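Inspection log for the structure reproduced underneath, given as structure tokens.
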Amino acid sequence: MPDDHSAAATPHQHGHGHGHDTAPASPRTRKLLGAVLSPFVLAAVIGAVLLHPFGESPESTAPSGFARTPVDGTILRAETGPCGTTDGAGNPPGGAGQCLRLRVELDNGPAAGDTVEQTVPREPTTPEFDVGDEVVLAYSGTAPRRGSSYQIVDYQRGPWMLLLCALFVGAVLALGRWKGLASLAALGVAFVILAGFVLPSILAGRNPLSVAVVGAGLIMFCTLYLTHGLSARTSTAVLGTLTSLTLIGTLSAVFAGLTRLTGLDDSTSALIGALGHDIDARGLLLAGVVIGALGVLDDVTVTQASAVWELHRANPSLRGKELYSSALRIGRDHVASSVNTLVLAYAGTALPLLLTYSLSGNPFTDIVTTQDVAQEVVRTLVGSLGLIAAVPLTTAIAALIVRGEKRSGTPAEDEEPSGTRVVTLVRNGARRGATRATGAGFAGPGAASPFRTDPEKGNRPPLRVGGR
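If you want it as structure tokens, here you go:
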């Protein structure tokens, strides 16, 4: 026979089997959270309307690579031999005089089905092409059957990337089910905001940091509420994320100015050259910091809010200070691993750059303060500071909301309904009475009366039912 504790746990677990929040927040809490968050939602929507480049479509002034018309092709022949042309000094391309001669069949475009010849110099940076490779060529727009109108720029990766995406979606749905479907929908919304608002606005010359802040706000509100639902718990995570993003934006702006970061790396310089007009390179750097930190912040704040709610559910008698301290201990482990993840992610992205600087033989202090490395260091440390701050901020907000629900006289979102508690007490009382009666029947004449309480608890009068 199960003991009293296991019997009491069954209804509690059953009552929470349908999700995290079993009862809505009190009207007071809903009104408070709505009053705090509504101005930020309104500001994000107005900012998006003001910054979006309606009717503007910036065009590249230096068409090269993917800025030209892409055409798919399949390599039918690949041979290595001497280059047939020379540069202005009379030397063959590639220096060594060896080129890769390719015959490519065009799969689409104005000359679909035709073949063109391509000559690619053999250099250390030249990809390996072989017969049967599916490639992408850039078409200049003139003389569609002439080989000089095309240039191989990349491989075709679409089918394999679609397979990888299908595996990802299947894994998310298999584990998360409806929750996973909601998270995929939120991911789609984030991509729509990035592609439909952030990128066009920056390309149209809007301030990159302002665009990133508005875009991050839209992504945060849409993805968190779409994934986790409209609840006080989600609103707590939103408040923690919003506060931490503000801190990250402020710190990144301050330290980018103090360290004199320009943001003019190779990719940004190429972008400015392609646009044909100036762009705020430092603002673009700061925009990357804000958007890059958002994904990790969502994870930390949602976890901390859930930790507070679950601790309160497990022990509703915890005081605010105890609840905060317990949840903060959980957050310390989480933030330690998150910071490590953030540092390694940036180090992995900048690995070729770090290897290049290591070849110079300069001391580490000189390498880490160069423009390209320093901006990654500032990006990493500022993002980590935001993550660290998110843990106590979100924990404190969640503890205040949970305890405020308790003090207001209404059940917190995850407390056990009162009807369930009554059923539990009646069931436990009946089980105790049956156990004692059965034990007395086998104990003999000297046994204590089954209608009296246990001797060590004192002889209280028997419980009367129905007022008798």
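Going by numbering that gives the first Met the number 0, the first residue of the sequence shown is number 0, and it counts up by one from there.
Ideal Cβ placement from N, Cα and C applies to all residues, glycine included.
Quick caveat, the model's predicted, so the values are computed rather than measured.
Can you grab the Cα-Cα spacing for the pair residue i / residue j, in whole Å?
i      : j      : result
Leu223 : Leu358 : 45 Å
Val40  : Asp71  : 44 Å
Ser182 : Asp277 : 37 Å
Leu270 : Ala47  : 23 Å
Val197 : Ala211 : 7 Å
Arg402 : Thr348 : 43 Å
Leu293 : Ala215 : 7 Å
Thr240 : Thr394 : 12 Å
Phe254 : Arg205 : 22 Å
Thr139 : Leu161 : Note that residue 139 corresponds to Ser in the displayed sequence, not to Thr. Roughly 28 Å separates the two Cα atoms.
Arg176 : Ser200 : 35 Å
Thr437 : Ala313 : Here the model assigns Thr437 a pLDDT of 48, short of 50, so the residue's position is not dependable, and the following value carries that caveat. One C-alpha to the other measures close to 33 Å.
Gly80  : Thr73  : 20 Å
Leu244 : Ile396 : 16 Å
Arg29  : Ala398 : 16 Å
Ala411 : His227 : No answer about Ala411 holds up, because its pLDDT of 45 lies below 50 and its placement is not dependable.
Val299 : Thr242 : 13 Å
Ala111 : Leu105 : 5 Å
Val469 : Val289 : Absent from the model: residue 469. The displayed extent of the chain is 0 to 467, so no value can be given.
Leu477 : Glu116 : Shown here, the chain extends from 0 to 467; a query on residue 477 therefore has no answer.
Ala335 : Ala273 : 41 Å
Ala306 : Gly195 : 35 Å
Ser470 : Ser316 : The question about residue 470 has no answer, for the chain in this structure spans 0 to 467.
Asp332 : Ser325 : 12 Å
Pro123 : Ile366 : 25 Å
Phe53  : Ala203 : 10 Å
Pro69  : Ser266 : 21 Å
Glu483 : Arg378 : This structure gives no information on residue 483, because the portion of the chain shown stretches from 0 to 467.
Asp453 : Arg318 : Reliability of the predicted coordinates at Asp453 is poor, the pLDDT of 46 falling under 50, and the value obtained from them is presented with this limitation in mind. Going by the C-alpha atoms only, they are around 33 Å apart.
Let me confirm a value: residue i is counted as buried when at least 16 other C-beta atoms fall within 10 Å, else exposed. Which label applies?
i      : result
Ala34  : exposed
Ala442 : Confidence at Ala442 is low in this model, with a pLDDT of 45, below 50, so its placement is unreliable and no value can be given for it.
Ile192 : buried
Met219 : buried
Leu166 : exposed
Tyr323 : buried
Ile45  : exposed
Asp297 : buried
Pro158 : exposed
Leu284 : buried
Ile400 : buried
Tyr154 : exposed
Pro351 : exposed
Val295 : buried
Val468 : A query on residue 468 cannot be resolved here, the shown segment of the chain reaching from 0 to 467 and no further.
Gly385 : buried
Ala142 : exposed
Arg156 : exposed
Ser268 : exposed
Arg328 : exposed
Leu354 : exposed
Would you mind reading off the limits of the alpha helix (DSSP H) that contains residue i?
i      : result
Asp153 : Run containing Asp153: none in the alpha helix (DSSP H); it sits in the beta strand (DSSP E), Tyr149 to Tyr154.
Arg102 : Unbroken run through Arg102 is the beta strand (DSSP E), Gln97 to Leu105; no alpha helix (DSSP H).
Val212 : Pro207 to His227
Ala269 : Asp265 to Leu274
Val367 : Phe363 to Val367
Val40  : Pro26 to Leu50
Pro158 : Gly157 to Gly175
Gly256 : Ala231 to Leu257
Ser357 : Leu350 to Ser357
Is residue i near the ligand ATP, going by C-beta to nearest heavy atom under 7 Å?
i      : result
Gly140 : Here there are no bound small molecules, and the ligand ATP is not part of this structure.
Relative to the C-alpha of residue i, which candidate in the options has its C-alpha closest?
i      : options                           : result
His101 : Arg121, Gly108 and Ser200         : For the record, residue 101 in the displayed sequence is Leu; it is not His. Cα-wise, what sits closest to Leu101 is Arg121.
Arg281 : Val168, Ser305 and Gln370         : Gln370
Leu380 : Val338, Thr394 and Gly360         : Val338
Gln374 : Arg331, Asp113, Ala252 and Gly360 : Ala252
Val119 : Val152, Leu105 and Ala110         : Val152
Ser234 : Leu136, Thr302, Arg144 and Thr340 : Thr302
Gly287 : Asp265, Leu225 and Gly248         : Gly248
Thr125 : Gln97, Thr114, Ser148 and Ala346  : Gln97
Leu208 : Gly330, Gly262, Cys164 and Arg144 : Gly262
Asp149 : Asp132, Thr114, Glu127 and Val168 : The question names Asp, but residue 149 is Tyr in the sequence shown. Per the Cα distances, Thr114.
Cys164 : Gly146, Val390 and Leu186         : Leu186
Glu78  : Gly54, Val103 and Thr68           : Val103
Asn107 : Val134, Glu309, Glu127 and Leu31  : Val134
Ala535 : Arg67, Phe363 and Leu225          : Because the chain is modelled from 0 through 467, residue 535 falls outside the range shown and cannot be assessed.
Glu127 : Pro109, Ser147, Gly146 and Leu99  : Leu99
Along the chain, where does the beta strand (DSSP E) that runs through residue i open and close?
i      : result
Pro81  : Thr68 to Pro81
Thr118 : Thr114 to Pro120
Phe197 : The sequence shown places Val at residue 197, rather than the Phe named in the question. It is not in any beta strand (DSSP E) - Val197 carries neither H nor E in the DSSP assignment.
Leu136 : Glu133 to Tyr138
In chain order, which beta strand (DSSP E) runs of at least 3 residues are fully inside the stretch 307-337?
none
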